[in-house]
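Presented below is the structure to which this report refers.
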Amino acid sequence: MKNMYLLNAFICLLITVATHEGCNTAPPAPASKSVTLETAVWQLTDILVDPVPMHLPDTLAVPITIKFSDGEIQGFGGCNGFGGNYTYLEDQLSVSDIMHTEMYCEGTSEWETLFLQRLDQSQTFQIIGETLEIDCGDLGGLKFRLNWKKRKG
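The sequence shown begins at 1 in the numbering used here and counts up by one.
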């Protein structure tokens, strides 16, 4: 890609010298896929509570993740796997029937519990760039980033 850009810049320079007219040498913008609720695996970064959001520590052994696909959620809470159902329409989101294994993991289970309690209360969501925020009513919200290691598609 870099060599192609340099070749195009050199050709443009030759054209400019010969014709006294410039040309556009900017590299093409990378193609990007539209990120939607169901096109990604999302990694939890923050639990949004007032007055200060709780940022998940980088010391968690395994990230908390969720995937939405065809009305079913599945993911990993940092200690236990979980699954359930969801429906969405425009920005409305409802999560139900969450089931999970019940192992205890020191330093992780507390985060997992906070996450699953809020997920069960999902009301609305919005995606801005590579960030997903879910509003969980009185419990606050959840903030995720796109997990590139597990991206679908």
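Glycine included, every Cβ here is placed at the ideal spot set by N, Cα and C. Every value quoted in this text rests on a predicted model; they were computed, and no experiment measured them.
Residue i - partner residues in DSSP beta bridges
{"i": "T131", "result": "I128 and R145"}
{"i": "I64", "result": "Note: I64 sits in no beta bridge, so no partner."}
{"i": "N69", "result": "It should be pointed out that residue 69 corresponds to Ser in this sequence rather than to Asn. Answer is E72."}
{"i": "M177", "result": "This structure gives no information on residue 177, because the portion of the chain shown stretches from 1 to 153."}
Check whether residue i and residue j have beta carbons under 8 Å apart
{"i": "T65", "j": "F82", "result": "no"}
{"i": "S122", "j": "C136", "result": "yes"}
{"i": "G84", "j": "M99", "result": "yes"}
{"i": "I134", "j": "L89", "result": "no"}
{"i": "F115", "j": "L142", "result": "yes"}
{"i": "V35", "j": "E112", "result": "no"}
{"i": "L55", "j": "T39", "result": "Note on residue identity: the sequence assigns His, not Leu, to residue 55. Going by C-beta atoms, H55 is not nearer than 8 Å to T39."}
{"i": "L60", "j": "T108", "result": "yes"}
{"i": "Q43", "j": "P63", "result": "yes"}
{"i": "D70", "j": "V95", "result": "no"}
{"i": "E102", "j": "N80", "result": "yes"}
{"i": "L37", "j": "I128", "result": "no"}
Host beta strand (DSSP E) of residue i (start-end)
{"i": "L116", "result": "That residue, L116, is in no beta strand (DSSP E); its alpha helix (DSSP H) goes S109 to L119."}
{"i": "Y88", "result": "G81 to L89"}
{"i": "R47", "result": "The amino acid occupying residue 47 in the given sequence is Ile; Arg does not appear at that position. Where I47 is concerned, the enclosing beta strand (DSSP E) stretches over V41 to L48."}
{"i": "L93", "result": "Q92 to H100"}
{"i": "G75", "result": "E72 to F76"}
Buried or exposed by the 16-neighbour rule on C-beta atoms within 10 Å, applied to residue i
{"i": "I73", "result": "buried"}
{"i": "P53", "result": "exposed"}
{"i": "V41", "result": "buried"}
{"i": "I47", "result": "buried"}
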